[in-house]
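Worksheet for the structure shown next.
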Amino acid sequence: MGRGTCFINSKGKQITLLQENVKGIHKSGSDIAVVAGLAHLVSNRGFVYTVTRKADGKWQVVKWRALPGAPRSSVLLENGNLLVNCLGGNVEISTSGKMELVEQ
């Protein structure tokens, strides 16, 4: 993954949605979650963002959950929850937003 998330429309125009160090993009139904963050020198941060398309066709990115550290990897589980492996511990985030630490 790279340094951001963008949408390319049918005319080939690129629209930047998020300029972060993206580690995962997950789609479940109409919901899109972007896992992003960075560990560098004294920084160790991570977030999960939600991406939605508004009625007017514009994209909206919202910071949804703060992670316990920079994400290393993430996976969408069969139950719809998101499992994120972070430098500060692994977390499972439910579709309602409840976040729990998971033993390694």
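When we follow our numbering, the leftmost residue of the sequence shown carries the number 14, and every step to the right adds one.
Heads up, the beta-carbon is just placed ideally off N, CA and C, and yes, glycines get one too.
Nearest neighbour of residue i, chosen from the options [CA to CA]
{"i": "residue 101", "options": "107, 67 and 81", "result": "81"}
{"i": "residue 120", "options": "59, 58, 52 and 30", "result": "Absent from the structure is residue 120, since the part of the chain shown begins at 14 and ends at 117."}
{"i": "residue 91", "options": "111, 48 and 42", "result": "42"}
{"i": "residue 38", "options": "103, 69, 26 and 20", "result": "20"}
{"i": "residue 75", "options": "85, 64, 68 and 83", "result": "64"}
{"i": "residue 110", "options": "18, 85, 61 and 69", "result": "61"}
{"i": "residue 55", "options": "96, 83, 68 and 28", "result": "83"}
{"i": "residue 73", "options": "47, 98, 94 and 116", "result": "47"}
Strand pairing of residue i, partner residues [DSSP]
{"i": "residue 73", "result": "65"}
{"i": "residue 51", "result": "58"}
{"i": "residue 27", "result": "21"}
Nearest-angstrom beta carbon gap, residue j and residue i [assumed within contact, 8 angstroms]
{"i": "residue 36", "j": "residue 87", "result": "6 angstroms"}
{"i": "residue 106", "j": "residue 66", "result": "That belief does not hold up - the Cβ atoms of residue 106 and residue 66 are roughly 22 angstroms apart, past 8 angstroms."}
{"i": "residue 33", "j": "residue 49", "result": "4 angstroms"}
{"i": "residue 103", "j": "residue 114", "result": "7 angstroms"}
{"i": "residue 94", "j": "residue 108", "result": "7 angstroms"}
Neighbour flag for residue i against chain C, beta carbons, 7 angstroms
{"i": "residue 39", "result": "Given the protein chain composition of this structure (a single chain), no chain C is represented."}
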